[in-house]
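Sequence positions in the sequence shown follow the numbering used here and run 7 to 451. The beta-carbon is built from N, C-alpha and C at its ideal position, and this holds for glycine as well. These numbers come from a predicted model, not from an experiment. Comments concern the structure below.
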Amino acid sequence: MTTVTNETAVTNEQAAARARAVIPGGVNSPVRAFASVGGTPLAITRAQGARVWDVEGNEYVDLVASWGPALVGHAHPEVVAAVQQAAAQGLSFGASTPAEAELAEVVIDRLTVNGVRGIDKLRLVSTGTEATMTAVRLARGVTGRDLIIKFAGHYHGHSDGLLADAGSGLATLAIPGSAGVPAPIAAQTLVLPYNDRDAVHAAFAAHAGKIAAIITEAAGANAGILAPEPGFNEFLVATAHAHGALVILDEVLTGFRVSTAGWWGLERTDGAIWRPDIVTFGKVIGGGMPLAGLGGRAEIMDQLAPLGPVYQAGTLSGNPLAVAAGIATLRLADAAVYERVDHAAAVVASSLSEALEDEGVEHVISHAGNLFSLAFRSGSITNYDEAREQEAWRYPAFFHAMREQGVSLPPSVFEAWFLTAAHDDAAIEHIVSALPAAARAAAEA
Ligand code: PMP
């Protein structure tokens with residue numbers, strides 16, 4: 007049998023050095039490089055439930071959860087079995103499979119809340135970046151307009167037009183955008199402060215008849231948590247529609263994580279009546295495999311090729327292994343899973359606040375459903391400027407103190423902490439007991 011081993015790397019440092027020689031920065035996605043926290047990035051070799059192990063054999067309670075996908079815990083036996091079963095039937099066919107329709111049905115069913123369908127049809131792609139990139143193209147194709155509104159600090163993947171003032175790794179690295187994006191393309195994106203209704207009105211007034219869509223994270227989660235103010239999403243839909251534009255609700259991170267029907271599901275159960283035009287999914291939909299998607303009303307989705315003039319394609323789109331993982335994960339993600347994740351998040355967030363309080367460290371915990379993030383400042387945070395005005399330099403000490411005690415946190419203060427249904431009482435207790443020393447380290451930083 008052929009196996010892939012990590013034999014030549016026995017320490018995280020050796021693994022990082024080996025990777026740096028052949029991979030830019032030693033990583034295949036920038037936040038993994040620990041640029042803002044310093045120190046040696048973890049080289050992970052294994053994960054199970056709420057825990058991950060590095061190449062040195064160190065065990066950590068994990069709060070990264072693959073940046074969201076591992077909602078039911080790492081390597082859940084039912085998800086692994088589904089993938090193994092699919093793999094035995096062939097890795098990829100370049101043709102449709104019945105499972106793709108099954109996953110679309112599961113997603114459409116979950117997005118039907120209070121009798122209202124959030125989406126009628128779903129197109130599967132492989133990454134969140136592709137989902138949002140395609141959603142933008144679709145919105146432009148449908149409206150015949152070019153401009154897009156996005157919000158500062160929101161991250162929608164790394165396609166050219168969506169990198170301006172983006173969160174995630176760009177927030178971590180404190181860079182405003184990317185080299186290599188032609189100015190005329192960047193100029194098609196209007197970046198507005200989040201939760202600012204006047205700015206939205208002003209943009210539509212200044213660019214009458216030219217704005218194709220507003221793209222917004224359903225709840226901002228890539229510059230720390232930036233929750234939408236109550237009614238803001240509904241306002242975006244009403245305003246966009248009044249001007250003949252669409253709303254792309256990016257649920258790549260929140261979808262199937264904050265509720266069975268994502269963030270829209272949470273607002274919908276709260277009685278809201280708005281409906282987005284296009285919704286993007288990623289992360290949990292693939293349960294840890296490369297899978298994402300975009301859904302919307304039939305008349306919009308049917309503008310995609312082969313029915314319509316908006317082109318999108320993918321050799322590995324709807325990959326059978328990824329679809330199997332997605333179906334298995336979503337079938338597992340029942341009400342009990344969300345109760346568990348909500349509970350774990352609530353306990354960890356309040357313990358975090360207590361620990362920092364005890365050490366007199368100024369902080370705020372921002373929440374959006376079961377997602378939360380820490381910021382070293384006081385007062386609530388509603389936009390990217392406020393998120394950046396904090397004592398972010400306290401985070402590396404906090405992060406490393408947690409790591410030394412066997413807890414793996416996101417390596418940036420601008421990221422959410424991800425709990426999973428596998429965070430049982432023992433895992434939560436482990437995290438909670440590590441917090442006081444980390445809070446002390448933050449206080450002394
Ligand atoms: N949209 C949002 C809201 C995200 O959080 C992310 C990734 N963190 C993306 C899009 C891009 O997804 P991917 O990394 O799969 O390309």
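- Inside the segment 68–107, DSSP marks whole alpha helix (DSSP H) runs of 4 or more residues at positions 83–94, from first to last along the chain.
- Every residue with a CB closer than 6 Å to a heavy atom of ligand 1 is listed here in chain order: Trp73, Thr133, Gly134, Thr135, Thr138, Tyr161, His162, Gly163, Ser174, Glu223, Asn228, Asp256, Val258, Leu259, Gly288 and Ala298.
- Per the Cβ contact rule, the segment 336–349 is in contact with the segment 419–431 (3 or more Cβ pairs under 8 Å).
- Judged by DSSP secondary structure, Leu196 falls within the beta strand (DSSP E) whose first and last residues are Thr195 to Leu198.
- Annotation for Tyr390: Ala158, Gly159 and Ala229 place their beta carbon closer than 6 Å to its own, counting only its chain and skipping 5 residues before and after.
- Under the DSSP definition of a beta bridge, Asp60 partners with Ile50.
- Scanning the segment 199–247 from its first residue to its last, the whole alpha helix (DSSP H) runs of 4-plus residues come out as 203–212.
- The DSSP assignment places complete beta strand (DSSP E) segments of no fewer than 3 residues inside the segment 249–321 at 252–257, 284–287 and 298–302, in order along the chain.
- Per DSSP, the unbroken beta strand (DSSP E) holding Ile154 starts and ends at Leu153 to Phe157.
- Shown here for Gly44: same chain residues with a beta carbon closer than 6 Å to its own, the five before and five after excluded, namely Pro402 in chain order.
- Going by C-alpha positions, Gly215 is about 12 Å away from Leu252.
- Under the DSSP assignment, Ile371 falls in the beta strand (DSSP E) whose first and last residues are Val370 to Ala374.
- Straight through space, the alpha carbons of Arg446 and Arg303 are spaced by roughly 51 Å.
- In the three-state reduction of the DSSP assignment, Glu111 falls in the helix class.
- In the DSSP assignment, Leu130 falls within the unbroken beta strand (DSSP E) covering Lys127 to Val131.
- For Ala440, the closest of Ala398, Phe382 and Ser359 by C-alpha to C-alpha distance is Ser359.
- Closest option to Leu310, judged by alpha-carbon separation, among Val58, Val142, Gly31 and Val112: Val142.
- When the alpha-carbon of Ile114 is set against those of Pro326, Leu415 and Ile291, the nearest one is in Ile291.
- By a beta-carbon distance limit of 8 Å, Pro326 does not contact Gln90. Their separation comes to about 12 Å.
- Under a 10 Å Cβ-count criterion, His164 is classified as buried, with 16 or more other Cβ atoms of the shown protein chains found around its own Cβ.
- Just so you know, the alpha carbons of Glu223 and Ile29 end up roughly 31 Å apart.
- Bounds of the beta strand (DSSP E) holding Leu377 are Leu377 to Ala381.
- If you compare the alpha carbons of Ala331, Gly167 and Phe424 with that of Ala185, the shortest gap goes to Gly167.
- Secondary structure note for Phe405: its alpha helix (DSSP H) is the uninterrupted segment Tyr401 to Glu410.
- Apart from sequence neighbours up to five positions away, the residues of its chain that approach His249 with a beta-carbon distance below 7 Å are Phe210 and Ile217, ordered along the chain.
- Collapsing the DSSP output to three states places Glu450 in a helix.
- Taking the Cα positions, Ser72 is about 36 Å away from His247.
- Residues Leu130, Gly324 and Val329 of the same chain have their beta carbon placed closer than 8 Å to that of Glu106, with the five preceding and five following residues left out of the count.
- In the three-state reduction of the DSSP assignment, Tyr161 falls in the coil class, being assigned neither a helical nor a strand state.
- For Ile29, there is no enclosing alpha helix (DSSP H), as DSSP marks it with neither H nor E.
- Boundaries of the alpha helix (DSSP H) harbouring Val329: Pro326 to Leu338, taken from the DSSP string.
- Glu421 sits in coil when the DSSP states are folded into three classes, being neither helix nor strand.
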